[in-house]
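One structure is given here, and the rest of the page talks about it.
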Amino acid sequence: MLAVRLPTELENNLTQLALETGRTKAFHIREAITEYLKNLKNKKRFETWVWDTNNPEIQEQLKKECELISKCPDNEEWLDIAEQSLNDFADEWKYE
1 MLAVRLPTEL ENNLTQLALE TGRTKAFHIR EAITEYLKNL KNKKRFETWV
51 WDTNNPEIQE QLKKECELIS KCPDNEEWLD IAEQSLNDFA DEWKYE
């Protein structure tokens with residue numbers, strides 16, 4: 001069991017969402033926390049790549065990619081494609 005105090009405006013928005021969707025506030029809170037944790041895990045995964053290279057130009061490009069990825073909804077297929085793209089980008093820099 002977890003109790004959380006929400007600012008009035010946020011609670012009102014949550015109440016309105018629950019009414020519009022026919023789902024409980026608890027359902028929407030669980031969904032939001034689940035998405036947040038997935039996105040945080042994926043963001044950490046991509047940030048790890050940034051520090052796996054010593055080339056500052058690669059690090060800068062990967063940081064930009066990480067920012068974009070962290071703003072996208074969780075989609076494993078998309079994340080796999082993005083990971084391959086970043087790996088290809090890093091490989092290109094190795095040969096220059």
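Numbering (the working numbering), first residue to last: 1 to 96. Note that beta-carbon positions come from the ideal geometry of N, C-alpha and C, so glycine has one too. These figures come from a predicted structure and were not determined experimentally.
| message | For Thr15, which residues in the same chain have their Cβ closer than 8 Å to its Cβ, ignoring the five residues on either side in sequence? | response | Lys25
| request: Following the continuous alpha helix (DSSP H) through Leu14, name the residue where it begins and the one where it ends. | output: Here the alpha helix (DSSP H) through Leu14 covers 8–21.
| task | Give the secondary structure of Thr34 by DSSP, where H, G and I count as helix, E and B as strand, and everything else as coil. | result | helix
| query | Per DSSP, what kind of secondary structure is Leu40 in: helix, strand or coil? | reply | helix
| Just the Cα atoms here: how many angstroms apart are Lys41 and Leu19? | 31 Å
| field | Beta-carbon proximity check, Leu10 vs His28, cutoff 8 Å | value | no
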